[in-house]
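Right, one structure below, let's go through it.
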Amino acid sequence: MIRVHNLQKQFGASHVLCGISCDIAPNEVVCIIGPSGSGKSTFLRCINALETLSGGEIDVNGFAIHRQQTNLNKMRESVGMVFQRFNLFPHMTVLENIIMAPIAVKKLPRSEAIVRAEVLLNKVGLLDKIDAYPSSLSGGQQQRVAIARALAMEPKIMLFDEPTSALDPELVGEVLAVMKSLAHEGMTMVVVTHEMGFAREVADRVLFIDQGIIQEAGTPQQIFNHPTNPRTQAFLSKVL
Ligand code: ADP
Ligand code: MG
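So the sequence shown is numbered by my numbering: it starts at -10 and just counts up by one.
Here's what the structure looks like:
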């Protein structure tokens, strides 16, 4: 579903990604862990073509995003992204937030978009908030709406960039629960997270990124219980 080969990204003189290669299979859940500033967000943004690549190749759902002629908007229709900040449109209700892109981009009839939004809101446990404005919702509720909004485009891949990092601790669980159910339904997911419990339980594979490269990759069992790279060991000793 995603193929990354020798990805390089520089900002000016600073080499942020220094040769990342990995393949992500359909239905796979990959969690990315690593220290702050190690390039995790940049990596996700490259997958969604929100950054231009300095080198290397990325194929996403059949779209070669390193090629000039690739229709990046078409590619992005198959990729949903959820950020640390919920990024809901504050002047729109929950319903309007969810149906906007399906109507504008996918040309879905409004009535059909509404039915789909109701199904998704039910799934994230927020059907009763359909007419609420984002400001009246908790951070956890807003993030669940953000997930429903991304799902409304029927993505094949979901990218999460620290989706629970901005939440009060008591609200983290409800968002992780929604992500977990999505994983169990077979969504292909790439999740940058500091929630090691989630990574351990839900990930098929964990990538430890530091200094712009994948220092170590493996099953949660391998990475958390038997890390072999000294950098992984040092990182985990600080966060576990
Ligand atoms: P992480 O998500 O792992 O914390 P980031 O991918 O956000 O790391 O950032 C990696 C490095 O790239 C940091 O040193 C950051 O300052 C730098 N960086 C990220 N985006 C930009 C940008 N648009 N311009 C310049 N430097 C950037
Ligand atoms: Mg980041």
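Built from N, CA and C at the ideal position, the CB exists for glycine as well.
Residue j beta carbon less than 8 Å from that of residue i
i	j	result
S127	L160	yes
F197	T221	yes
V167	L156	no
V(-7)	C20	no
L148	V94	no
L6	T41	no
A135	V71	yes
N(-5)	G51	no
M178	F213	no
E46	D193	no
P123	P79	yes
I(-9)	I146	yes
L115	Q130	yes
C35	K63	no
R65	N37	yes
V113	R133	yes
Span of the beta strand (DSSP E), counted from its first residue to its last, around residue i
i	result
Q204	202 to 207
G69	68 to 71
V19	18 to 22
E46	44 to 49
G8	3 to 13
M81	Taken as a continuous stretch (DSSP letters only), M81 belongs to no beta strand (DSSP E), as it is neither H nor E.
F149	146 to 150
I136	Taken as a continuous stretch (DSSP letters only), I136 belongs to no beta strand (DSSP E), being part of the alpha helix (DSSP H) at 128 to 140.
Cβ distance (whole Å) where residue i is taken to contact residue j below 8 Å
i	j	result
V191	E151	With 8 Å as the limit, V191 and E151 do not qualify as a contact, their Cβ atoms being about 15 Å apart.
G201	G28	5 Å
I119	L97	Actually they do not touch by this definition, with Cβ atoms about 17 Å apart.
I92	A102	5 Å
Limits of the alpha helix (DSSP H) - the one that residue i falls within
i	result
N60	That residue, N60, is in no alpha helix (DSSP H); it is neither H nor E in DSSP.
I103	99 to 112
M185	185 to 191
H173	158 to 173
R74	Counting along the chain, R74 falls outside any alpha helix (DSSP H), and DSSP gives it neither H nor E.
N(-5)	Careful: N(-5) lies outside any alpha helix (DSSP H), inside the beta strand (DSSP E) at -9 to 0.
T31	29 to 36
Neighbour flag for residue i against chain D, beta carbons, 8 Å
i	result
M70	In summary, chain D is missing from the structure at hand, where a single protein chain is found.
The region 6 to 26 in contact with the region 125 to 140 per 3-pair CB rule at 8 Å: no
For review: beta carbons within less than 5 Å of any heavy atom in ligand 1: F0, V5, S25, G26, S27, G28, K29, S30, T31
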